[in-house]
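Trainee: In the order they appear, the protein sequences are chains W, X, A, H, P and E. According to full-length UniProt numbering, the first sequence is numbered sequentially starting from 1. According to full-length UniProt numbering, the second sequence is numbered sequentially starting from 1. According to full-length UniProt numbering, the third sequence is numbered sequentially starting from 1. According to full-length UniProt numbering, the fourth sequence is numbered sequentially starting from 1. According to full-length UniProt numbering, the fifth sequence is numbered sequentially starting from 1. According to full-length UniProt numbering, the sixth sequence is numbered sequentially starting from 1. The beta-carbon is built from N, C-alpha and C at its ideal position, and this holds for glycine as well. I'd like to ask you about the structure that follows.
Protein chains: 6
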Amino acid sequence: MGIHTYFRSLNELERITRCPGKFKFEEHSVAAHSWKVVQYAKTLANIEEMNGSVINWKKLYEITSSHDYGEIFIGDIKTPVKHASPELRLLIQQVEEGMVNNFIEEHIPEEYKAIFCNQLREGKDDSVEGLILEVADKMDQVYEAFAELQRGNTEQEFVKMYCNALRKIKNIDLNCVKYFLEHILPDMVSEESMSSIDIRKITEEALA
Amino acid sequence: MGIHTYFRSLNELERITRCPGKFKFEEHSVAAHSWKVVQYAKTLANIEEMNGSVINWKKLYEITSSHDYGEIFIGDIKTPVKHASPELRLLIQQVEEGMVNNFIEEHIPEEYKAIFCNQLREGKDDSVEGLILEVADKMDQVYEAFAELQRGNTEQEFVKMYCNALRKIKNIDLNCVKYFLEHILPDMVSEESMSSIDIRKITEEALA
Amino acid sequence: MGIHTYFRSLNELERITRCPGKFKFEEHSVAAHSWKVVQYAKTLANIEEMNGSVINWKKLYEITSSHDYGEIFIGDIKTPVKHASPELRLLIQQVEEGMVNNFIEEHIPEEYKAIFCNQLREGKDDSVEGLILEVADKMDQVYEAFAELQRGNTEQEFVKMYCNALRKIKNIDLNCVKYFLEHILPDMVSEESMSSIDIRKITEEALA
Amino acid sequence: MGIHTYFRSLNELERITRCPGKFKFEEHSVAAHSWKVVQYAKTLANIEEMNGSVINWKKLYEITSSHDYGEIFIGDIKTPVKHASPELRLLIQQVEEGMVNNFIEEHIPEEYKAIFCNQLREGKDDSVEGLILEVADKMDQVYEAFAELQRGNTEQEFVKMYCNALRKIKNIDLNCVKYFLEHILPDMVSEESMSSIDIRKITEEALA
Amino acid sequence: MGIHTYFRSLNELERITRCPGKFKFEEHSVAAHSWKVVQYAKTLANIEEMNGSVINWKKLYEITSSHDYGEIFIGDIKTPVKHASPELRLLIQQVEEGMVNNFIEEHIPEEYKAIFCNQLREGKDDSVEGLILEVADKMDQVYEAFAELQRGNTEQEFVKMYCNALRKIKNIDLNCVKYFLEHILPDMVSEESMSSIDIRKITEEALA
Amino acid sequence: MGIHTYFRSLNELERITRCPGKFKFEEHSVAAHSWKVVQYAKTLANIEEMNGSVINWKKLYEITSSHDYGEIFIGDIKTPVKHASPELRLLIQQVEEGMVNNFIEEHIPEEYKAIFCNQLREGKDDSVEGLILEVADKMDQVYEAFAELQRGNTEQEFVKMYCNALRKIKNIDLNCVKYFLEHILPDMVSEESMSSIDIRKITEEALA
């Protein structure tokens, strides 16, 4: 039915909740998460650019803004499932891509098909833009998990999410990661907290 | 940690929303859905028993009350994904069962392991109890979809859900299905409706 | 209008909130509560059966799954009101039963009336099934209250609910109660907690 | 503990939902309902005063602002229950009053007890202020029910609520009732509506 | 369209959230806030009257019940904005009053215009009623902020709200203020709290 | 405290509701709105580029992703207020900009100040990127209002929002506007609708 179908479908990501099931003080929609990733990525790219990297802003814009569009078709499948077996992870990715491609084939007019394939492709490649997307996506897990722990959420899930996301970030070799770890994260860790968990300590362990 | 971990986890199904993404006038949790399935199944089994069938009530109790427990691990993966390919459907089922088994292995004391394996097994087999569970599960889709259509929800998803569930029900050879189609469904269809869709007509087509 | 009216009404218990008025970190519907009671009862009955008791599974199924159906007519009338005077408690019970009977009279076809009278009767009698229902119902109060206290809820209501429910459970002479007190409750009490209340201590006092 | 306990308890009426169970497009708390009753009563009293009545504004203030305070203790017990039998209605009223009196006895300092007894008394007597309160309370039922019907809610409950409230209003002999029926209600009835119910017609029947 | 438009508009204040944006354990609507202000003011006026003051109850009723009606037109504009500059504060007040006047001009029948101008006027003048309204309005900020801090909310916003409101209250020369500070506030401060903030200390500093 | 303060504040836009007060079938947060604007703008820019325009993607990224950041400080001040008088509109804009500048001054490290001034500036200028932002922002009003009308919302507010947004869009001279009006809007208008309003007709009038 054309690009209208695509625009209209965006609304569905406002109604899909991240991390379903677990008790949370705050619920986040996939749409709001996606917007925050766009924001982090923008600032990370600015930092990267100030340190001499060349950023393809068009690519960065495309891959960050749509990076979770596929969840319209598969929902927020829980991380443990995605990782339950390498075959499953691969197959789920294939299905997600297949459903996105079907959507484009069915709804997007011929002359815009190539553009939508680009927009809705998996963006986390090894380019600087792909890496920034990966950092920004994990940063939002850090922020979400931190806010839960800080308010005294005792679910172990959020300790794991916080630590795993930090570990993934620190292994990415970008100037903006260095800035995040040296200037942004310490401000977060020094915030007042209700948690019985020693956030400073789990942060240091994750970064060790 | 023992059966406490199991009891505690039940709470998560109160926080998992059915049919995520689509606009709905009413949200339903997996826990509430499970309870309604328990209720329908009880009455369906009563009807079946009145018509001369022998019901294994222990088995029926076990399989209906826990039939969606696995969604704690995989969330409400959307129907189209499950059906995107036979391999995927199979693999998702294997993962779900694997995660349930892991849970039992890790948390349930040795002497109760067999019981929990029974309780949390896939119950939709060809026994009368398995068939009643299948009917009850689909009946809740009929009720959910009908309530949305009746209030004027224009999402095509609910037309599909309504018709597909009816088609599956009518192909199950049970006395209680006959009763549902002849005495319960007509009362539903004759309710007042805001829908621009002709519910009577799509019902007849689904049952044709 | 027939059994359809009954099935349709189940939905209302999804919209009735337990313990209205008090501040809670988590809201629970009567439907979700009912489902958890079904689950607890199933496992309690399994434990009881392993210890040599004979369980009437059909009866257990009937009384646990419908045990709060009457709240459709009277809402979740607060416990203190129910107990304000013996006459009131009795009269409220009479009204609830009267309204359930009226419902059956008006809506259920003649041939199913006896079945529905059985299903929707007050189930908490002195049979093993009735006692298991009582334990399962109180266990959900323990779980609900514990989860509030654990997260730092300072409402005294939840201390009372937790202690009263434990006191009622410990006075019921069943093998599954012994198992609950010796193997399940200790795991709960040893969980991490934000509470300024000493949960271990109030647990010991309630069980003393 | 003093008046603080009273002030703090007001918060609970923000969390008690009116008309629990039924499907509604909009939920209303008892606190918000109470505020709207205060507003209607004020305007009704102004109209009454303009027509020559003498209003005791202190009394009107007292009885309208606290008229549902007792629901903190008994919740929003459903209307059909209240009316199930004359004894029950009377007993529930006695319990509500008893619990309010206990509260005052226990928490309110000696020198303010008389004032709180006045404030929290049942206000719907035959004085002009008591009658205005009755009209204002029913007017909010009219507004709530109308808004549901207007949006296409098909629950018969709201038809009954609308008609019953109108019938009670029309039988109260006040100038402000005359104004409401002649000048305010017609504006409501002439609003655009999605309802399949002929609101004009049921209005005329209720007022006949 | 007449007074119906006014009555109908009241509903909008049920849907406007106080203090938008900040994380809160409890959301409050402007309507529920307004009702609590009506309640506090009533008791404050009773206390004042017992100490020999003469209260104009009609005026008190009018100004307290409608004191935030203007937020229907301007929403809950954040306090820092209102105070960002004296011109802005003044202009926002002018706009609010202008929009209220327009509303009256357009919708209220000629013979009631004067009454509505009185009802919807800014009530916080130097009369005893105006001062009581000011105290009651600030008391609700104290209660809202205290309940957040007590539950461990770490947002500095609520510390500021609590302290600023207390400072404004203590500078108002009324007997009821003396009663509040000597008898009500100490009960609040002595409640159990999860906060890492020393509420007693910030209370003393605010009152110093 | 550095960029952390900025990242953390993004969360507040998840909690600010668009169009507060009015009855809506669906609530939208400012964060989710912002994300949809980012998405529309990306596709609009693609269309514009295909028609020969040169897009500064960095600028487009910056201005679209942050275009409502100022609402953290002033909330969603209602459109009628913003337009109540030219002085007010100007002053509100000045205050918003002043508060954003204060935020940057206070929290953003010296070396990133210029970047944040750029990012958080008012982006709706006469450049192609500024115009695309204006179109995308208005398109989300069209989508929000349409979805309400389609479901039978009778609030006149949404008719006005729909028509005004369309009128602003059609007056912007861009190729992507032409595409929207000729290919996307007709698909929207031809969707099934519950509305008693003739959406096709009001669309034609707005575009006339």
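#1: Which residue marks the beginning of the alpha helix (DSSP H) containing residue 116/P, and which one marks its end?
#2: Any C-beta of chain X sitting closer than 8 Å to the C-beta of residue 152/H?
#3: When you compare only the Cα positions, how much space is there between residue 132/A and residue 206/A?
#4: Mapping DSSP to helix, strand and coil, what is residue 193/H?
#5: Kindly indicate which residue of 150/X, 201/X, 175/X has the alpha-carbon position closest to the one of residue 191/X.
#6: Using beta carbons (cut-off 8 Å, strictly below), is residue 129/A in contact with chain W?
#7: Hey, does residue 194/A have any beta-carbon neighbour from chain P nearer than 8 Å?
#8: Which residue marks the beginning of the alpha helix (DSSP H) containing residue 80/W, and which one marks its end?
#9: Smallest Cα separation from residue 36/X: which of 137/X, 90/X, 157/X?
#10: Nearest by alpha-carbon distance to residue 116/H: which of 3/P, 43/P, 11/P is it?
#11: Between the Cα of residue 120/X and those of 198/X, 45/X, 59/X, spot the shortest distance and give me the residue it belongs to.
#12: Which residues in chain E sit within 9 Å of residue 12/P, going by Cβ to Cβ distance?
#13: Taking the straight line between their C-alpha atoms, what separation do you get for residue 111/E and residue 27/P?
#14: Taking C-alpha atoms, which residue in 5/A, 64/A, 24/A lies nearest to residue 124/A?
#15: Just to confirm, are residue 32/A and residue 14/X a CB contact at a threshold of 8 Å?
#16: Of all Cβ atoms in chain A, is any one closer than 8 Å to the Cβ of residue 166/H?
#17: Buried or exposed for residue 24/A, please, with buried defined as at least 16 other CB atoms from any protein chain shown within 10 angstroms of its CB.
#18: Are the region 98 to 109 of chain A and the region 75 to 85 of chain X in contact at 8 Å, needing three or more beta carbon pairs?
#19: Tell me whether the region 150 to 169 of chain X and the region 42 to 56 of chain H touch, counting them as touching only if at least three CB pairs, one residue from each stretch, are closer than 8 Å.
#20: Nearest chain X C-beta to residue 170/A closer than 8 Å, yes or no?
#21: Output, in sequence order along the chain, the residues in the region 87 to 120 of chain A whose CB is closer than 7 Å to any CB in chain H.
#22: Determine the closest residue to residue 71/P out of 50/E, 54/E, 72/E, 20/E, with distance taken between C-alpha atoms.
#23: Report back the beta-carbon spacing between residue 175/X and residue 56/X to the nearest angstrom; my notes put them in contact at under 8 Å.
#24: Let me check one thing: in DSSP terms, what residues is residue 29/W bridge-paired to?
#25: Determine the burial state of residue 114/W: buried for a count of at least 16 other Cβ atoms within 10 Å of its Cβ, exposed for fewer.
#26: Do residue 128/X and residue 48/X have their C-beta atoms within less than 8 Å of each other?
#27: Do residue 202/P and residue 162/P count as a contact pair if the criterion is CB distance below 8 Å?
#28: Going by CA-CA distance only, name the one from 34/E, 186/E, 208/E that's closest to residue 2/W.
#29: Residue 34/X versus chain A: which residues are under 8 Å apart at the beta carbon?
#30: Taking C-alpha atoms, which residue in 22/A, 30/A, 11/A lies nearest to residue 155/A?
#31: Checking 8 Å against the spacing of the C-beta atoms, do residue 157/W and residue 118/W come in under that value?
#32: Going along the chain, which residues of the region 72 to 86 of chain X sit with their C-beta nearer than 9 Å to a C-beta in chain W?
#33: Compare the C-beta of residue 155/A with all C-beta atoms of chain W and state if any pair is closer than 8 Å.
#34: What does the alpha-carbon distance come out to for the pair residue 164/X and residue 134/X?
#35: If we call anything under 8 Å between Cβ atoms a contact, is residue 197/X one with residue 159/X?
Mentor: According to the structure shown:
#1: 113 to 119
#2: yes
#3: 20 Å
#4: coil
#5: 150/X
#6: no
#7: yes
#8: 79 to 82
#9: 137/X
#10: 43/P
#11: 59/X
#12: 20, 21, 22, 23
#13: 39 Å
#14: 64/A
#15: yes
#16: no
#17: buried
#18: no
#19: no
#20: no
#21: 87, 88, 91, 95, 98, 99
#22: 20/E
#23: Going by Cβ atoms, the distance from residue 175/X to residue 56/X rounds to 16 Å, so no, they are not a contact pair.
#24: 17/W
#25: exposed
#26: yes
#27: yes
#28: 186/E
#29: 35
#30: 22/A
#31: no
#32: 72, 73, 74, 75, 76, 77, 78, 80, 81, 84, 85
#33: no
#34: 13 Å
#35: yes
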